[in-house]
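Written out below as structure tokens is the structure these notes cover.
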Amino acid sequence: MKNVLLMGVSGRIGQNLYRELKDTFNLYAFSSADQDDTGMDITFLKKDLFILPEVEEALRGIDTVIFFEDPIMRLNRQTQGRFEDLYILLADNIARASQIREVEQIIFVADEVSSEYTADVLGAYGTEVKVTQTPIKRYGKTLSYKASDYNNVRSVQRAPLPEGWHIKDVGKYYFEWLNEILYDLINVEYDRHLIKIRFARMDAPALIVEYDAKRSYNGVEIYRIQGGGLSKRMSNKTPRLEFRELPGREEFIMALHDFEPKSPWSVYLLTQAPLYTLVNRIYQVEMTINNEAPGSHNRPFNGK
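With the UniProt record's numbering, the residue at position 63 of the sequence shown is 63, and numbering never jumps.
Okay, structure coming up:
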């Protein structure tokens with residue numbers, strides 16, 4: 001029998017697909033770490049859909065992936081970003097992993113909310129994509145899924161990729177830009193392979209960031225948060241900043257994954273969260289300005 005991977009089985013779409021396919025195919029599905037795996041004729045894969053290497057591992061031996069919107073339910077304690085951008089990020093992970101694992105086809109179960117670009121992303125790396133003809137109705141459902149039970153943060157935004165820039169430029173420039181735009185508030189220091197971000201008049205770094213050359217390839221740039229006064233290290237996750245070029249468009253996604261603040265949650269929501277949101281919004285505007293400015297591709301970079 002063919003091996004078919006579902007995005008999940010907790011939601012309405014996943015449950016219906018499971019009932020229809022369980023007697024004909026070997027079924028696999030992504031699941032969260034605390035999901036109950038009993039009572040179903042299916043192999044659950046406790047992999048993180050937002051971590052590309054884990055998605056690549058999950059797709060080993062899979063013939064068909066059925067892509068639908070259930071995975072968004074695995075939200076963090078705080079998830080910032082539009083549904084469409086989160087969904088496209090997941091689609092890009094599935095598409096990249098499908099190419100590497102030589103998946104035969106991806107079936108995209110279209111819904112009333114997802115854009116046509118989602119199907120373009122799924123097929124951008126060569127895997128055959130079939131799109132269902134009748135979009136699934138959402139019945140007024142919003143993003144009211146169960147969130148994480150610990151204080152983790154995910155933030156995903158999309159921005160234009162300036163003409164002539166590579167995604168590497170975007171990542172390097174982000175830290176230079178922080179140093180410039182918040183000159184009296186934040187200082188960015190390059191210490192060999194580390195980037196140390198300090199608040200003014202404080203000796204200890206607020207964040208220590210390291211470029212992950214091993215995980216950065218093919219239009220994806222990863223910067224791991226290795227420490228600092230603002231970040232709490234989780235035993236099973238590594239907080240990271242990601243800059244990802246989107247296929248077929250002069251756009252990129254910048255994302256913060258699995259960040260857990262050291263400060264109490266209520267303090268974080270009143271201080272760090274709005275500041276981070278504001279900084280990223282201004283950076284999106286900065287990318288738009290660079291995209292429209294003549295000769296933007298000649299922008300110098302001083303970061304190491």
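Cβ atoms here follow ideal geometry from the backbone N, Cα and C, with glycine treated the same way. Quick caveat: nothing in here was measured; it's all calculated off a predicted structure.
Candidates the options: closest to residue i by CA position
i: R192; options: Y211, E116, L207, T132; result: Y211
i: E180; options: L21, R12, E286, D23; result: E286
i: L21; options: D48, L45, V65; result: V65
i: T238; options: I282, R215, E245; result: R215
i: L49; options: Y173, E69, S266; result: E69
i: L52; options: N93, D63, N16; result: N93
i: S32; options: E54, Y18, E242, I13; result: E54
i: residue 307; options: A255, P264, V4, E292; result: Beyond the ends of the chain as shown, which are 1 and 304, falls residue 307; an answer cannot be given.
i: F243; options: G11, A213, Y268; result: A213
i: L27; options: K232, Y150, L45; result: L45
i: L178; options: L275, R12, T127, M40; result: L275
i: S266; options: N151, Y117, R233, D63; result: N151
i: L241; options: Y223, D258, S231; result: Y223
i: S231; options: P264, D203, M202; result: P264
i: D258; options: Q80, L270, T118; result: Q80
i: R19; options: I42, K2, M1, N3; result: I42
i: T24; options: D203, P261, M1; result: M1
i: N290; options: Y87, L161, N76, R198; result: L161
Cβ shell of residue i (< 7 Å), same chain only, five flanking positions each side left out
i: Q284; result: Q157, A159
i: Q15; result: V9
i: Q78; result: V153, A273
i: G219; result: I167, R244, E245
Contact set for residue i: own chain, Cβ-Cβ below 6 Å, skip 5 residues either direction
i: G228; result: P205, A206, L207, I208
i: G140; result: Since pLDDT at G140 reaches only 45, below the 50 mark, its modelled position is unreliable, and the value read off the structure follows with that caveat. If we look at G140 and ignore the five residues flanking it on each side, it has no Cβ neighbours.
i: E56; result: A97, I100
i: Y174; result: none
i: G123; result: V129
i: M40; result: none
i: P135; result: A110, D111, E112
i: N280; result: Q157
i: K146; result: Because K146 carries a pLDDT of 48, less than 50, the predicted location of this residue cannot be relied on, and the following value inherits that uncertainty. If we look at K146 and ignore the five residues flanking it on each side, it has no Cβ neighbours.
i: N91; result: Residue identity differs from the one stated: residue 91 is Ala in this sequence, not Asn. So the list reads T118, V121, L122, once near-sequence residues are dropped.
Residue range of the beta strand (DSSP E) that includes residue i
i: F243; result: 240–245
i: M254; result: 251–259
i: L207; result: 207–211
Other residues of its chain near residue i: CB distance less than 8 Å, five sequence neighbours each side excluded
i: Y125; result: A95, R96, S98, Q99, P247
i: I282; result: I181
i: R60; result: R101
i: A200; result: D184, L185, I186, N187
i: L194; result: I208, V209, E210, Q226
i: L89; result: F50, V156, R244, I253, A255
i: A58; result: L5, Y28, F30, L45, K47, A97
i: T132; result: I107, F108, V109, A110
DSSP bridge partner residues for residue i (one or two, in chain order)
i: T79; result: R154
i: V4; result: L27, T64
i: Q105; result: T64, E128
i: N187; result: R198
i: residue 314; result: No statement about residue 314 is possible, as the shown extent of the chain runs from 1 to 304 and does not include it.
i: E163; result: Bridge partners of E163: none, in fact.
i: residue 322; result: With the chain represented from 1 up to 304, any question about residue 322 goes unanswered, as that position is not in the structure.
i: Q231; result: In the sequence as presented, Gln is not what sits at residue 231; that position holds Ser. Per DSSP, P261.
Residue i - containing alpha helix (DSSP H), residue span
i: Y223; result: Not the alpha helix (DSSP H): Y223 falls in the beta strand (DSSP E), residues 220–227.
i: L178; result: 167–181
i: V121; result: 117–122
i: T288; result: 272–292
i: R19; result: 12–21
Check: residue i C-beta below 8 Å from any heavy atom of the ligand MG
i: S263; result: Annotation note on the ligand MG: not contained in the displayed structure, which lists no ligands.
Every unbroken beta strand (DSSP E) within the region 43–73, with a cutoff of 3 residues, ordered by chain: 43–45, 64–67
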